[in-house]
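S.K.:
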Amino acid sequence: MSGAAPQDLAGQVAVITGAAHGQGRAAALALAREGVRIAALDVARPLAYPGYPMGSPGELESLRRECRALGVDCLSFAADVRDDAAVSAAVKATLEQFGRIDILFNNAGICGYGLAHELTEDAWDAMLDINLKGAWLVARRVIPGMIERRHGVIINNSSVAGLRGMGRLSHYAASKWGLVGLTKSWAIELAPYNVRVVALCPTGVNTPMNDGLAMLEGLTPQQIAERSAGNLLPMPWIEPEDVAAAVVFLASSKARSITGSEFVLDAGLLTR
Ligand SMILES: NC(=O)c1ccc[n+]([C@@H]2O[C@H](COP(=O)([O-])OP(=O)(O)OC[C@H]3O[C@@H](n4cnc5c(N)ncnc54)[C@H](O)[C@@H]3O)[C@@H](O)[C@H]2O)c1
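Numbering follows our numbering, in which position 116 of the sequence shown is assigned residue number 110; successive positions increment by one, without gaps.
1) Take every Cβ of the region 218 to 230, pair it with every Cβ of the region 177 to 191, and state whether three or more of those distances are shorter than 8 Å.
2) G(-3) to L210, Cα distance in whole Å?
3) By the 10 Å Cβ neighbour count, where 16 or more other Cβ atoms means buried, how is P215 classified, buried or exposed?
4) Can you list the beta strand (DSSP E) stretches of 3 or more residues lying completely in the region 86 to 171, in chain order?
5) So which of V258, P44, A261 and V30 has the shortest CA-CA distance to L113?
6) Assign Q6 to one of two classes, buried (16 or more other C-beta atoms within 10 Å of its C-beta) or exposed (fewer than that).
7) Please state whether DSSP places R190 in a helix, a strand or coil.
8) For A34 and F71, I'd like the C-alpha separation in whole angstroms.
9) For S50, which residues of its own chain have a beta-carbon under 7 Å away from its beta-carbon, when the five flanking residues on both sides are left out?
10) In its own chain, which residues sit with a C-beta less than 7 Å from the C-beta of E60, not counting the 5 before and 5 after it?
11) Under a three-way DSSP split, which group does E233 fall into?
12) Return the CA-CA distance between T253 and V136, expressed in angstroms with no decimal places.
13) Quick one: is G12 near chain C, going by C-beta distance under 7 Å?
14) For the beta strand (DSSP E) holding A26, just list the boundary residues, first then last.
15) Heavy atom of ligand 1 less than 6 Å from the Cβ of T88, yes or no?
16) Which term fits F257, buried or exposed, when burial requires 16 or more other beta carbons within 10 angstroms of its beta carbon?
17) Where does the unbroken alpha helix (DSSP H) through L207 begin, and where does it stop?
18) Give me whichever residues DSSP pairs with I10 in a beta bridge.
19) To the nearest angstrom, report how far apart Y46 and R250 are at their CA atoms.
20) Are there 16 or more other CB atoms within 10 angstroms of the CB of K248, so buried, or fewer, so exposed?
21) Can you check whether the CB of A110 is closer than 7 Å to the CB of S164?
22) Could you check if P202 belongs to the surroundings of ligand 1, using beta carbon to heavy atom distance under 6 Å?
23) Can you confirm whether the region 154 to 161 touches the region 116 to 135 when touching is taken to mean that 3 or more C-beta pairs between the two stretches lie within less than 8 Å?
24) For the candidate residues D36, R27, V189 and A80, whose alpha-carbon lies nearest to that of G65?
25) Give me, in chain order, the residues of the same chain whose beta-carbon lies closer than 6 Å to that of A98; leave out the 5 immediate sequence neighbours on both sides.
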């Protein structure tokens, strides 16, 4: 296999975590429109923490149907990114079925509020285990195939919270800064094999996560977005499709020189 990156995405294979709804789903559909075959992984069941709705088996099934309507195959796996055996089985099944994995979008994540001295250990552990350790558990199963084929892109969905401090979100920010650290370190390890690694850093996104946090806080989704973000542009949040467009670009050969860096989608927030 040559080390050259394909010129377009058609025929490639993407593993997307947290794909049942929100940004993961939008990225799956955007990649499917480019002809990328999809392996969609989601916990697809309620979690005690953070206490707002997660994706569901029905949403995973509807993603499969929509991908197929676009003419691409989609595998789906009800798996928790914290569960190494389930992650391992999903990656193995994807390689058996599709023969390759070119793109990993480490997107599964949770969010929740709490002052540092009020957070429970359960909240801390869930946040770090899902948002940070989960990304590593998936990546370590996908990386060997990318190294072998001298081709691949890993996109870690961090946040603007991975680039600044955020009150009542210290455990979330710690997990997202951690993802930036993983990104830079993996980029160093994998560059010799033509595998790129990028951290995506969006401002507030209009997804079920934002709705869920609003529900927990007794606010409207717009109030939640405005409180935690404060975008420079006149938009309270960005849309999952904005993130999906960035994922398509970063996965493509047009982004072939981008690795080890943060790709910021902040509507100007960090300029302040
Ligand atoms: N919504 C925002 O404002 C925002 C902003 C910046 C970054 N992010 C990050 O983007 C990513 C996606 O967020 P979203 O807004 O689409 O959230 P969302 O809650 O709408 O969707 C997240 C998906 O991840 C899945 N998931 C959660 N825990 C999982 C686990 N343990 N294993 C497998 N799947 C799991 C959920 O079931 C859900 O389908 C997250 O990492 C989030 O932290 C979100």
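Here a beta-carbon is modelled for each residue, glycine too, at the ideal position from N, C-alpha and C.
M.R.: Put simply:
1) no
2) Position 3 of the sequence shown holds residue -3. Position 216 of the sequence shown holds residue 210. Note that G(-3) scores a pLDDT of 41, beneath 50, so its modelled location is shaky; the value from the coordinates is reported in the next line. Distance between the alpha carbons of G(-3) and L210: 48 Å.
3) As a first step, residue 215 must be located in the sequence shown, where it is residue number 221. Answer is buried; the Cβ neighbour count reaches 16.
4) 97 to 100 and 146 to 151
5) In the sequence shown, the residue the question calls residue 113 occupies position 119. Measuring from the Cα of L113, the nearest candidate turns out to be P44.
6) In the sequence shown, counting from the first residue as 1, residue 6 sits at position 12. With 16 or more Cβ atoms within 10 Å of its Cβ, Q6 is classed as buried.
7) Within the sequence shown, the letter at position 196 stands for residue 190. Strand at R190.
8) Counted from its first residue, the sequence shown places residue 34 at position 40. Counted from its first residue, the sequence shown places residue 71 at position 77. Cα-Cα distance, rounded: 6 Å.
9) As a working note, residue 50 is residue 56 in the sequence shown. If we look at S50 and ignore the five residues flanking it on each side, its Cβ neighbours are A14 and A38.
10) The residue labelled residue 60 in the question sits at position 66 within the sequence shown. Hits under 7 Å: L23.
11) In the sequence shown, counting from the first residue as 1, residue 233 sits at position 239. Reduced to three states, the DSSP call for E233 is coil.
12) Mapped onto the sequence shown, residue 253 falls at position 259. Mapped onto the sequence shown, residue 136 falls at position 142. About 17 Å.
13) Looking for chain C here will not work: only one protein chain is present.
14) Mapped onto the sequence shown, residue 26 falls at position 32. A26 -> not in any beta strand (DSSP E); alpha helix (DSSP H) instead, spanning G16 to R27.
15) Your numbering for residue 88 matches position 94 in the sequence shown. Every heavy atom of ligand 1 is 6 Å or more from the Cβ of T88, so no.
16) As a position in the sequence shown, residue 257 is number 263, starting the count at 1. Classification of F257: buried, given that the 10 Å Cβ count is 16 or more.
17) Sequence index remark: in the sequence shown, residue 207 carries index 213 (1-based). Start and end: P202 to E211.
18) As a first step, residue 10 is located in the sequence shown; it is residue number 16 there, counting from the start. According to DSSP, I10 bridges with A34 and F99.
19) Here residue 46 is taken as the residue at index 52 of the sequence shown, counted from 1. Here residue 250 is taken as the residue at index 256 of the sequence shown, counted from 1. Going from the Cα of Y46 to the Cα of R250 covers about 37 Å.
20) If you number the sequence shown from 1, residue 248 lands on position 254. Burial call: exposed.
21) By one-based count along the sequence shown, residue 164 stands at place 170. By one-based count along the sequence shown, residue 110 stands at place 116. Cβ atoms of S164 and A110: closer than 7 Å.
22) The residue you call residue 202 lines up with position 208 of the sequence shown. Yes; taking the cut-off as 6 Å, the Cβ of P202 has a heavy atom of ligand 1 nearer than that.
23) no
24) By 1-based counting over the sequence shown, the position of residue 65 is 71. Out of D36, R27, V189 and A80, R27 has the C-alpha closest to the C-alpha of G65.
25) The residue given as residue 98 occupies position 104 in the sequence shown. Checking the sequence, you will find Leu at residue 98 rather than Ala. So the qualifying residues of the chain are V9, V136 and I148.
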